[in-house]
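J.: Residue numbers (the UniProt record's numbering): 1 to 655.
Even glycine gets a Cβ: it sits at the ideal position worked out from N, Cα and C.
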Amino acid sequence: MEDALLRQHISEYDRWKKNLDRQFAQFSQWLQQHFPNSAGACQVVQQARALLSDDQFTLVFVGEFSRGKTELINALLAQTYGQRLLPSKPGRTTMCPTEIFSDGGERASLRLLPIETLATNTSLESFRRIPQKWVTHEFDANNPDATREALLKVAATKSVLPEEAARYGFDRRHLDDKGNLVEIPAWRYALICLPHPLLDQGLRIIDTPGLNALGNEPELTLSTLPGAQAVAFLLAADAGVSGTDMNMWETHLAPLREHRGTPVMALLNKVDVLWDDPDEDAQQLLRRMRSQVAKLLSLPQESVTGVSAKMALLARQQQDVELLRNSCFTDFEKLLVQRLLEHRQKVAEHRSLHQALTLMADTRDLLKRRLNSGRAALMHLQRNSASTEEQLTELGQLQQTVREQHKLCHQELLTLKSSQRMLMRQSTALLAPITIQQLQRLVDETSKALHKRWTPMGLAKAIDTFMEGVDCQLATLEREVDQANRLLDAIFERSSLKKVDSAEQYFTIRQFRITLRGLHRQAAQLRRSPQLLLARRNRLSERFVTTLASEVGRLYSEMGAAAENWLEQALEPLKQHTQYQKHLLNRHLIKLTELKQKTRSRHTDLRTLEDEVLRNDRALSALEDLLRYSTSAPQPLAPAPRAHNVTPLKPALTT
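#1: Measure the CB-CB distance between E219 and T547 and report whether it falls below 8 Å.
#2: Taking C-beta to C-beta, are Y13 and R479 nearer than 8 Å?
#3: Can you have a look at T428 and say buried or exposed, based on whether 16 or more other CB atoms are within 10 angstroms of its CB?
#4: Looking only at its own chain, which residues have a Cβ that is under 8 Å from the Cβ of M431, when we skip the five neighbours before and after it?
#5: Since V481 and T508 are thought to touch, with beta carbons under 8 Å apart, how far apart are those beta carbons, to the nearest angstrom?
#6: Once you ignore the five residues that flank Q496 on each side, which residues in its own chain have a CB closer than 7 Å to its CB?
#7: Among A570, V182, T58, which has the Cα closest to the Cα of L203?
#8: Consult DSSP for D21 and reduce its assignment to one of helix, strand or coil.
#9: Work out the CA separation of R494 and Q420 for me, nearest whole Å.
#10: Report the partner residues of S159 according to the DSSP bridge assignment.
#11: So which of L627, D625, R628, A619 has the shortest CA-CA distance to F35?
#12: Give me, in chain order, the residues of the same chain whose beta-carbon lies closer than 8 Å to that of R602; leave out the 5 immediate sequence neighbours on both sides.
#13: With the cut-off set at 8 Å, would you say A356 and L627 are in Cβ contact?
#14: Short check: CB of V304 to CB of C328, under 8 Å?
#15: Can you tell me whether DSSP reads H350 as helix, strand or coil?
#16: For S11, which residues does DSSP report across the bridge?
#17: Quick one: what's R517 bridged to in DSSP?
#18: Within its chain, find whatever has a CB closer than 6 Å to the CB of W134; leave out the 5 residues flanking it on each side and keep chain order.
#19: Per DSSP, which residues does V231 bridge with? Please list them.
#20: May I ask which residues mark the beginning and end of the alpha helix (DSSP H) holding F466?
#21: If S181 and S159 are in contact, beta carbons under 8 Å, what's the gap, nearest whole angstrom?
#22: Here's a check: name, in chain order, each residue in its chain whose Cβ is nearer than 7 Å to the Cβ of Q8, leaving out the five neighbours to either side.
#23: Check for me: the beta strand (DSSP E) holding A108 runs from which residue to which?
#24: Does the beta-carbon of R479, which I'm using as the reference point, lie nearer than 7 Å to any heavy atom of the ligand COA?
#25: Are L274 and A266 close, meaning C-beta to C-beta below 8 Å?
#26: To the nearest angstrom, report how far apart A348 and H354 are at their CA atoms.
#27: Please report the straight-line C-alpha distance between T122 and P195, rounded to a whole angstrom.
#28: Using DSSP with H/G/I as helix, E/B as strand and the rest coil, what is F139?
#29: Please return the same chain residues whose Cβ sits closer than 6 Å to the Cβ of V646, not counting the five positions on each side in sequence.
#30: Distance check for V154 and T136, CA to CA, integer angstroms please.
#31: Measure from the alpha carbon of S66 to the alpha carbon of each residue in S242, L341, L567, then state which is nearest.
#32: Output the boundary residues of the alpha helix (DSSP H) element that contains V443.
#33: So the candidates are F544, L609, L474, T578; which of them puts its Cα closest to the Cα of Y168?
#34: In three-state terms, what does DSSP make of P36?
#35: Would you decide whether K69 is buried or exposed? Buried here means 16 or more other CB atoms lie within 10 Å of its CB.
#36: How many Å lie between N586 and C42 at the Cα?
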């Protein structure tokens, strides 16, 4: 059977990232070899490499119980294991949110967070950093029985009193009764680490088991889902959108798509049941169902597709191409590939990559100009058969010109250092509106308001007041950003490097502000969920407020880090260009001095200058090779015309 479509594209994306990372690593080595004083440039390159290293493609499955989410994950991963990996059977199997990923190693493990941690306000993200709170099981992924035994633990439940379930935030209407007790998941969250090609290459899968899990874990809706590159909403092909499906869509997914911009697709699973009626055209029925669901959910019809997870898994196990085609699994993979390509484009356009690639191109262009100038000077001296005195005069003129250019670079660097200090003085004003203290003040005010009136209306008012305070702080920050960008304009205007547009270096919080406004709208929708509307003050409502504040705090931290990084890096294009030019001129000046000394003592020996030209030529060739194999690098510049880029000789004395 041919390799899966998704696997092909993820492999290609992984190769692209690795090739780009290798290119940046080689450029770092090139800088160390040819430009030792390049700490700033190395930092720019390191940031680009960190972006590539941390990148993942996260796919989240959302849907009510028995919609086939787990079986669809099994079908995705069966290409390697050839068997059902996760426990899947009629009824409730995956009882807690489950994250499947790879750490790049060969060992497989299962980590489980006890349900009792819901009695605290500590977030899932915080618990990730407390390994002792988790129950860990290691297993051999090549042993089917050991794997099945380990992963069955995800489906474990426990019986508790309804009061305890309510204290954890569970809605009893969505729980199974066992006499005077109710059944709740034994675990709050599961982390499954597996060695698998798709996972090794950056795919991360999250399975969310039903409305109860989403409603009981605000962090999933406010943080995990918005961070995903694709969200698959599973529905039953024979039933369409049920009441609980619509509740989940309106509370958790529609706001996510509308206010956070997260790509959401709807999957009509179990399409094989449509073939059971011989009087109906299954394909026509599926098209009609897709159209109805798209209209009901206000989704483009191409974002709604049918699939049979059970048939796809069977086809993978039996290596049956025809059965795989009938399962419509390829249609689902095509949707995932489209989301993957969109994500790749965003990564390729990221500022960190753009800065690193532009730095490489600018360094190449500068070296090319210096090489052309050196070649022209060398050719002039080689063709000149004048006396030693005349040669000394020629070399003196060339020396003087290079010395003046070197002096200009030195002066420009001093000016840039002064400008950098001016820019760094903006740090306090720039970061003041988004400090932890400012956020804590809003959180404290919100907590006081809620203590006075913990009702659905009180909760709504508190959230609105809190987010209005956040918006006010961002408005103050934007004014400081505008002032800092105007200072940047003035610095670039004074620079001799006119080809760099200062607007490309502007700091902006536009995307952060859009994200925070989307978070506000999403939180406003989520707090209307039955679990929060019907709840008095309990751990769930407290966790909701804490999660909202934590998510805002995370975005504040990201903005602060971005602002500090910008203050350090905004002038880097100017500094690196000038420093490298000074480095080349200094080296050229040393070679000219050596050549002049040899000319005084004996017959002119031009090998010193020839060696310098050859060294630059080799450095340029290595750098050209790096840029040639980059699929997202700026277009290579044409060779610099010699008529406009050579170092003048005799005219230097007449100016």
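T.: With the given structure in hand:
#1: Locating residue 219 in the sequence shown gives position 219, counting from the first residue. Locating residue 547 in the sequence shown gives position 547, counting from the first residue. In contact: E219 and T547 (Cβ atoms closer than 8 Å).
#2: Position 13 of the sequence shown, counted from the first residue, corresponds to residue 13. Position 479 of the sequence shown, counted from the first residue, corresponds to residue 479. Going by C-beta atoms, Y13 is not nearer than 8 Å to R479.
#3: On the sequence shown, residue 428 is found 428 positions in, with the first residue counted as 1. Under this definition T428 is an exposed residue.
#4: Taking the first residue of the sequence shown as 1, we reach residue 431 at position 431. It is worth fixing the name first, because residue 431 is Leu in this sequence and not Met. Cβ within range, chain order: G560, A563, E564.
#5: Locating residue 481 in the sequence shown gives position 481, counting from the first residue. Locating residue 508 in the sequence shown gives position 508, counting from the first residue. Yes, they are in contact, since the Cβ atoms of V481 and T508 sit about 7 Å apart, within 8 Å.
#6: For the purposes of this step, residue 496 is taken as the residue at position 496 of the sequence shown. First, the residue type needs correcting, since residue 496 is Ser and not Gln in the sequence shown. Hits under 7 Å: E412.
#7: To locate residue 203, count along the sequence shown from 1; it is residue 203. Nearest option by C-alpha distance: T58.
#8: What you label residue 21 is simply residue 21 of the sequence shown in a count that begins at 1. D21: helix per DSSP, three-state reduction.
#9: Numbered from its first residue, the sequence shown carries residue 420 at position 420. Numbered from its first residue, the sequence shown carries residue 494 at position 494. Rounded to whole angstroms, Q420 to R494 spans 13 Å at the Cα level.
#10: Counted from its first residue, the sequence shown places residue 159 at position 159. According to DSSP, which records beta bridges pairwise, S159 is partnered with E183.
#11: As a first step, residue 35 is located in the sequence shown; it is residue number 35 there, counting from the start. Selected option, being the one with the closest Cα: A619.
#12: The residue you call residue 602 lines up with position 602 of the sequence shown. Note on R602: pLDDT 47, under 50, position unreliable in the model; the coordinate value appears next. No residues qualify anywhere along the chain.
#13: Working through the sequence shown from its first residue, we reach residue 356 at position 356. Working through the sequence shown from its first residue, we reach residue 627 at position 627. No, these two residues do not count as a Cβ contact at 8 Å.
#14: Walking along the sequence shown from the start, residue 304 turns up at place 304. Walking along the sequence shown from the start, residue 328 turns up at place 328. Contact: no.
#15: The residue you call residue 350 lines up with position 350 of the sequence shown. In this structure, H350 counts as coil in the three-state DSSP scheme.
#16: Position 11 of the sequence shown, counted from the start, is the residue given in the question as residue 11. BP columns for S11 are empty, so no partner.
#17: Within the sequence shown, numbered from 1, the residue matching residue 517 stands at position 517. Partner(s): none; R517 has no beta bridge.
#18: As a working mapping, residue 134 is identified with position 134 in the sequence shown. Cβ contact annotation for W134 (same chain, cutoff 6 Å, sequence separation greater than five): R111, L113, in chain order.
#19: Position 231 of the sequence shown holds residue 231. V231 has V60, V264 as its beta-bridge partners, per DSSP.
#20: If you number the sequence shown from 1, residue 466 lands on position 466. First-last of the alpha helix (DSSP H) with F466: 456-494.
#21: Taking the first residue of the sequence shown as 1, we reach residue 181 at position 181. Taking the first residue of the sequence shown as 1, we reach residue 159 at position 159. Just to set this straight, residue 181 is Leu in the shown sequence, not Ser. Between L181 and S159 the beta-carbon gap is near 4 Å, inside 8 Å, which marks them as a contact.
#22: For the purposes of this step, residue 8 is taken as the residue at position 8 of the sequence shown. Same-chain partners within the cutoff: there are none.
#23: Walking along the sequence shown from the start, residue 108 turns up at place 108. It spans 108-114 - the beta strand (DSSP E) in which A108 sits, taken as one unbroken run.
#24: Among the components modelled here there is no ligand, and therefore nothing to report on the ligand COA.
#25: Residue 274 sits at position 274 when you count from the first residue of the sequence shown. Residue 266 sits at position 266 when you count from the first residue of the sequence shown. When the beta-carbon positions are compared, L274 and A266 stay at least 8 Å from each other.
#26: Against the sequence shown, residue 348 aligns to sequence position 348. Against the sequence shown, residue 354 aligns to sequence position 354. Whole-angstrom Cα-Cα distance: 8 Å.
#27: As a working note, residue 122 is residue 122 in the sequence shown. As a working note, residue 195 is residue 195 in the sequence shown. Each residue's alpha carbon lies about 30 Å from the other.
#28: Translated into the one-based positions of the sequence shown, residue 139 becomes position 139. Strand, per DSSP.
#29: Here residue 646 corresponds to residue number 646 of the sequence shown, with the count starting at 1. Any reading at V646 is ruled out, since the residue's pLDDT is 35, under 50, leaving its predicted position unreliable.
#30: The count along the sequence shown starts at 1 and reaches residue 136 at position 136. The count along the sequence shown starts at 1 and reaches residue 154 at position 154. A direct Cα-Cα distance of roughly 12 Å separates T136 from V154.
#31: Counted from its first residue, the sequence shown places residue 66 at position 66. The residue with the shortest Cα to Cα distance from S66 is S242.
#32: Working through the sequence shown from its first residue, we reach residue 443 at position 443. Run containing V443: 436-452, per the alpha helix (DSSP H) assignment.
#33: For this step, residue 168 is matched to residue 168 along the sequence shown. The residue with the shortest Cα to Cα distance from Y168 is F544.
#34: Counted from its first residue, the sequence shown places residue 36 at position 36. If DSSP states are grouped into helix, strand and coil, P36 belongs with coil.
#35: For the purposes of this step, residue 69 is identified with residue 69 of the sequence shown, where counting begins at 1. It counts as buried.
#36: Counting from 1 along the sequence shown, the entry for residue 586 is found at position 586. Counting from 1 along the sequence shown, the entry for residue 42 is found at position 42. N586 and C42: Cα-Cα distance of roughly 21 Å.
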